[in-house]
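Engineer: Top to bottom, those sequences are chains A and B.
In terms of the working numbering, the first sequence has 48 at position 48, counting the first letter as 1, and numbering is strictly consecutive.
Heads up: take any position in the second sequence, counting from 1, add 1000, and you land on the working numbering.
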Amino acid sequence: MIEVDCNELCGLLGKKVEKDKLAERISMMGASVEDVQGDKMFIEVLPNRPDWLSVEGLARSLKTFIGVEPGLREYKASEPKIEVGVDKSVERVRPHIVCAVIRNVKVDDSLIRSMMQIQEKLHETFGRKRKKLAIGIHDLSKVTPPFTYKAVKPTEISFVPLGMNIAMNLKEILERHPKGIDYAWTLEGADAYPIITDKNGDVLSFPPIINGELTRVYEETTDLFIDMTGSSEKTLNEALNILVCMFADRGARIEKVKVGNRILPDLSVLEKEIEFANVEKLVGVKVSQEEGKGLLERMGYGLAGKKARIPCYRSDVLHEDDMIEDIAIAYGYENLKPRRTIFPTIGGKHPEEAMADEVREALMGFGLQEVMTFMLTNEEKHYHSLLLKEGKRVEISNPKTKETTMVRTSLLPGLLEILSGNKHEKYPQNLFEVGDVVMVDEKEETKTRAVKKACVVCADSNANYTATKSILEGLFRELGKKIEVKGKDLPFMIKGRSSEFARGYIGEVGPEVLAKFEIDVPVSCFELELY
Amino acid sequence: MALSEYEKHILLALEKKPKQTTLELIDSTGLPEASINRASTWLASKELIDIKENVKERIELDFEGKDYLANGFPERRVLELLKEGKTIAELDDSLSHDIVKIAIVWLKKLNAVSIKEGKLELTKAGQDYLKKRMPQETVLELIAHKKVVSKEMAQEMDHLKKRGSILEFKEYIERVMELTFRGKEIIKKGIVLEKEISQLTPDMLATGKWRDVKLREYEVEVPAPVVYGGKKHPFRKMIDKMRSVFIEMGFREIKGPIVESSFWNFDALFVPQDHPSREMQDTFYVKDMVAGKPAEKYLDNVKKVHEESWKYKWETKKALELVLRTHTTATTCRELTKARELPIKVFSIDKVFRNEVIDYKHLAEFYQVEGIVIDKEATLVDLLGILKEFYSKLGFDKIRFQPSFFPYTEPSVEVQIYHEKKKRWLELGGAGVFRKEVVRPLGIEANVLAWGLGGERPFFIKKELDDIRTIYKNSMEWIRNVND
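#1: For E1253/B and chain A, any beta-carbon pair shorter than 9 Å?
#2: Quick one: which chain A residues come within Cβ less than 8 Å of L1402/B?
#3: Our contact map puts F1347/B next to F1251/B with C-beta atoms below 8 Å; I'd like the distance itself, whole angstroms only.
#4: Helix, strand or coil: how does DSSP classify V1305/B here?
#5: Inspect the beta-carbon positions of E1015/B and I1026/B and report whether they are closer than 9 Å.
#6: Do you know offhand how far E478/A's Cα is from R1243/B's?
#7: Just checking: is the beta-carbon of G189/A within a distance shorter than 9 Å of some beta-carbon in chain B?
#8: Leaving aside the five residues before and after K486/A along the sequence, list all residues of the same chain whose C-beta is less than 8 Å from its C-beta, in chain order.
#9: So, with DSSP's three-state summary, where would you put E1194/B?
#10: Measure how close the beta-carbons of L303/A and R309/A come, nearest whole angstrom, since I'm counting them as under 8 Å.
#11: What does DSSP give as the partner residue(s) for R1424/B in the beta ladder?
#12: Can you pull out the residues from the segment 1375-1394 of chain B whose beta carbon lies closer than 9 Å to at least one beta carbon of chain A?
#13: Going along chain A, which residues have a C-beta under 8 Å from M1289/B?
#14: When you compare only the Cα positions, how much space is there between E380/A and T404/A?
#15: Which residues, taken in chain order from the segment 1236-1248 of chain B, show a beta carbon closer than 8 Å to some beta carbon of chain A?
#16: So what does E3/A bridge to, in DSSP terms?
#17: Can you find the residues in the same chain that come closer than 6 Å, C-beta to C-beta, to K1376/B, ignoring five residues on each side of it along the sequence?
#18: Measuring CB to CB, does I196/A end up less than 9 Å from L174/A?
#19: Any C-beta of chain A sitting closer than 9 Å to the C-beta of Q1273/B?
#20: At a Cβ threshold of 9 Å, is P1458/B touching chain A?
#21: Since G1292/B meets chain A, which of its residues come closer than 8 Å, beta carbon to beta carbon?
#22: Hey, could you find the ends of the beta strand (DSSP E) W1264/B is sitting in?
#23: Taking all protein chains shown into account, decide if D249/A is buried (16 or more other Cβ within 10 angstroms of its Cβ) or exposed.
#24: Assuming A536/A contacts A151/A (C-beta within less than 8 Å), just tell me the rounded distance between them.
#25: Who are the neighbours of R1435/B on chain A, taking C-beta pairs under 7 Å?
#26: Let's see if you can read the secondary structure: which residues bound the alpha helix (DSSP H) around V1139/B?
#27: What does the alpha-carbon distance come out to for the pair N1111/B and I1099/B?
#28: If we ignore side chains and look at the alpha-carbon of each, how far apart do D1093/B and K1101/B end up?
#29: With the cut-off set at 9 Å, would you say V285/A and V1381/B are in Cβ contact?
#30: Could you say if the segment 1264-1282 of chain B and the segment 1327-1344 of chain B meet the contact criterion of at least three C-beta pairs nearer than 8 Å?
#31: Any idea which residues DSSP pairs R176/A with across the strands?
#32: For P1234/B, does the count of other Cβ atoms within 10 angstroms reach 16, so buried, or fall short, so exposed?
#33: Could you name the residues that DSSP lists as bridge partners for M439/A?
#34: Over the uninterrupted alpha helix (DSSP H) stretch that includes P1458/B, give me the two end residues.
#35: Could you check if A1319/B is buried or exposed, using at least 16 other CB atoms within 10 Å of its CB as the buried criterion?
#36: Based on Cα-Cα distance, which residue from K495/A, C458/A, A463/A and V521/A lies nearest to E527/A?
Right, dumping it as structure tokens:
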């Protein structure tokens, strides 16, 4: 979610657009406007468009989309003057780095806000919390090139980190600096930490943790040095292009940097073939060559012959379908006419669900009320409350709460919980559930099997085994099946009042279990596997 | 004039004493209170009696009063402790300081104690009270046993009234029934009490005894006792409705594993292995178990498409982690491998799981409305047509589509329905055409229209709920009374 000032957005657009219209156009372009408060707009940017994480990037696309200035915007960069050496030592800890220089930038409040916002958002999503990508933006005038990216021992180098006034070594920063504490996990297990220094050994940055105070960007700053480090070179180059274009949109000049033996950023335009006839095959609307060209330009592309020219800040365009989607967006989803096409097929229930439906119908015929409960539960409710030992089950390795530590293997505990929650309601409460449980089964690909079960509970002052058995036998009669029960004591049932049958059990729930669920009336029940 | 048996009993009782309260009538007729109330209401409607209602006050014990009755007044407890020779300082060991303070105030009023040089001593009167009741105790017991409190004790009553929560004064309505002139006339004409029979029995029918009895006339207009039949859970009704709409539209229902391998839940759907949705805080991972490998060709194809598109090292190990499926798209994805003759149209309405803390708008498990259409000719506008048709059959005529993004569809749309009450558009979920990166590795060379929408959302809107947990709380009050 990003926050955008409408006036600023209109300023960048070079056109005054009503707030409502603006919100509507942004939504129809593919970012959803979640809220508007005064001049502030809160926009959910989807992960395929990281170039919209700044107001500049959003304005750039909107400008073509609403037709202020359609077509491809090409970005140029001047030849490199600065070099960054990459030492082999970083390979084991944080292997990749990309850089760029920005000249003649006008640093003001809105730029600083935009800069911070895009850094934070890129870190969070694209950068997988800085592990995959971390950005440093520096005042170039405070340091002396060439720069070096290398890994050093945790206590080897000290510098004053951003926001502090004393020098700390890298180990101390990880232990004591707030950012160090937050992001120490990204360097876990490393014996040397990455660092960027200048010719004199002054520290620009300790990625992905913190920059040096030395290169802090102020309003007087005119030239910036950008570093991006991380685990994926592809991601770094994509993010670098997004960031430098944002500065260029503010009127700054991009200057390349020699990083190792590469010259970055690479702002070249990618060309991919597009066949407009394929739009109809995927979207269902006919688009002529002429229309197609116009639609592509609305989305910031160019067209050269049969090839679409893709802007350098777009990394999400993998093949033709991506461009066709953009063409559909430019065409306007609101202009797509839903079409009723009959794809001739025959519908039907899944046999397991058909069986479940039949059982539900039969049980309702006996006057029972259906309930629906959760499949997630915990051992206390599922086993201990029923005086059962923990059995084979699917356990959750990362539950957020103690309520959801396992998947149920039986429906009875859930139904007893419902009785417990309804003890002030009128009795009898004769309830049932037909639902899935999950059993461990080593033979299956997923090591488990979903099993459809049915469970009935009868709670009333005179609930008893025989009355419930009548329902059980009635159910089997309805299903056209035979049932034979065999006496069997179960831990959660009254002794001598329970029995088993093929894939099920029936009985009167024991008073100790009722007490655990705080149920004040007798309960008889049965449960069986359906499928 | 037709009179019921009970009405006759009441008239006859009033003949002896023409003005009686309900309590008196219970005594004089021997009928239960409910019958007297009902019958006298009928008599009043026939203008045979007048009913006057007086507001009266009744004294009952409040919570402190009940406590004192069971455990003794504070002053009694202190008195007992003093008898055992406890000093003022030691009193606080057995009783709270507040209780001791209250007790001493009241003991002093009774002249039962004196304080000399900081020492609390029993007086002569105090000694006496060890053997007899204090006046407040007498009054409390009288009230507890609903006995009349004599005039001499009135002052004590006032004291108790002022002492916080000992007594409670409750208003109640006393009904007084009095014969009217018409009532007296009717009685004068003579009332014959015949034994009335309420239930006709098989025996009476068999023996012909029914000829000799009078069957009591019913008060046919009074409300009957409440009974609750068995019915579907309200949300199941909606699920079943959705299922039948799909089936009407020619869709076949499918089911798939609830515990699913990451391969089918994520990888086959082109979700990169470091994608945020795969993180622990969003997805439930299964402890100590690993999925078996899917067919080698799918494994290879999926690995290849990930590595070529995303440029990273795809790990089989990560694909075999078991999760609780985060969407039923895992199930439709498996269906792709089974596709033979086109077109294919399948759906599922089933449980999915997200690692969420449950609150009024979040559940950790919920239903997803899922479907796919596989056909060479299927396009985005057909998808919109199917969704529009589906929701209109459910009663949602206002539906719109916006561009969106999902790793496995291209183009992608977000489906929204209009909430008439709240006057705004609500997100239902996503839809789109499966990416080539999804369908090709699984052997499909056709377009696959797909959607995965929230199941609870439309229900929530229809029933105007304000807490999503209501659906699974199964409150009998709600389930029994909710209707369409």
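Don't be surprised by glycine CBs; every beta carbon is placed ideally from N, CA and C.
Structural biologist: Reading off the structure:
#1: E1253/B counts as touching chain A.
#2: The question names Leu, but residue 1402/B in the sequence shown is Gln. For Q1402/B, the neighbours in chain A by C-beta distance under 8 Å run, in chain order, S27, M28, G30, S32 and Y333.
#3: Rounded, the Cβ-Cβ distance is 4 Å, consistent with contact.
#4: In this structure, V1305/B counts as helix in the three-state DSSP scheme.
#5: No, Cβ-Cβ distance for E1015/B and I1026/B is not below 9 Å.
#6: Distance between the alpha carbons of E478/A and R1243/B: 23 Å.
#7: Contacts with chain B at 9 Å (Cβ-Cβ) do not include G189/A.
#8: If you ignore the 5 residues before and after K486/A, its C-beta comes within less than 8 Å of the C-beta of S499, E500 and F501, all in its own chain and listed in chain order.
#9: E1194/B: coil per DSSP, three-state reduction.
#10: Contact holds; Cβ gap of about 7 Å.
#11: Partner(s): H1419/B.
#12: Of all residues in the segment 1375-1394 of chain B, the ones placed with a Cβ closer than 9 Å to any Cβ belonging to chain A are D1375, K1376, E1377, A1378, T1379, L1380, V1381, D1382, L1383, L1384, G1385, I1386, L1387, K1388 and E1389, in chain order.
#13: Near M1289/B (Cβ distances below 8 Å), the residues of chain A are V394, V440, K447 and T448.
#14: If I take the Cα positions, the gap works out to 11 Å.
#15: Within the segment 1236-1248 of chain B, the residues whose Cβ lies closer than 8 Å to some Cβ of chain A are R1236, D1240, R1243, F1246, I1247 and E1248, listed in chain order.
#16: DSSP lists F42/A as partners of E3/A.
#17: Leaving aside the five residues that flank K1376/B on each side, the residues in its chain whose CB is nearer than 6 Å to its CB run, in chain order, A1446.
#18: No, the pair does not count as a contact, with Cβ atoms beyond the cut-off.
#19: Chain A contact via Cβ: absent.
#20: With 9 Å as the cut-off, P1458/B does not count as an interface residue toward chain A.
#21: In chain order: E444, E445, T446 and K447.
#22: Boundaries for W1264/B: no beta strand (DSSP E) harbours it, while the alpha helix (DSSP H) harbouring it runs S1262 to N1265, taken from the DSSP string.
#23: Counting the other Cβ atoms within 10 Å of the Cβ of D249/A gives 16 or more, which makes it buried.
#24: Outside the displayed span of chain A (1 to 531) sits residue 536/A, for which this structure offers no information.
#25: Neighbourhood of R1435/B in chain A, by CB distance below 7 Å: D321, in chain order.
#26: Going by DSSP, V1139/B is part of the alpha helix (DSSP H) stretching over P1135 to A1144.
#27: One C-alpha to the other measures close to 18 Å.
#28: Taking the Cα positions, D1093/B is about 13 Å away from K1101/B.
#29: For the pair V285/A and V1381/B, the CB atoms are nearer than the 9 Å cut-off.
#30: The segment 1264-1282 of chain B is in contact with the segment 1327-1344 of chain B.
#31: For R176/A, no pairing in a beta bridge is given by DSSP.
#32: In this structure P1234/B is buried. Its beta-carbon is surrounded by 16 or more other beta-carbon atoms within 10 angstroms.
#33: BP columns for M439/A point to R449/A.
#34: Annotation for P1458/B: the continuous alpha helix (DSSP H) segment containing it runs E1456 to K1462.
#35: So A1319/B counts as buried.
#36: Comparing Cα positions, the closest option is C458/A.
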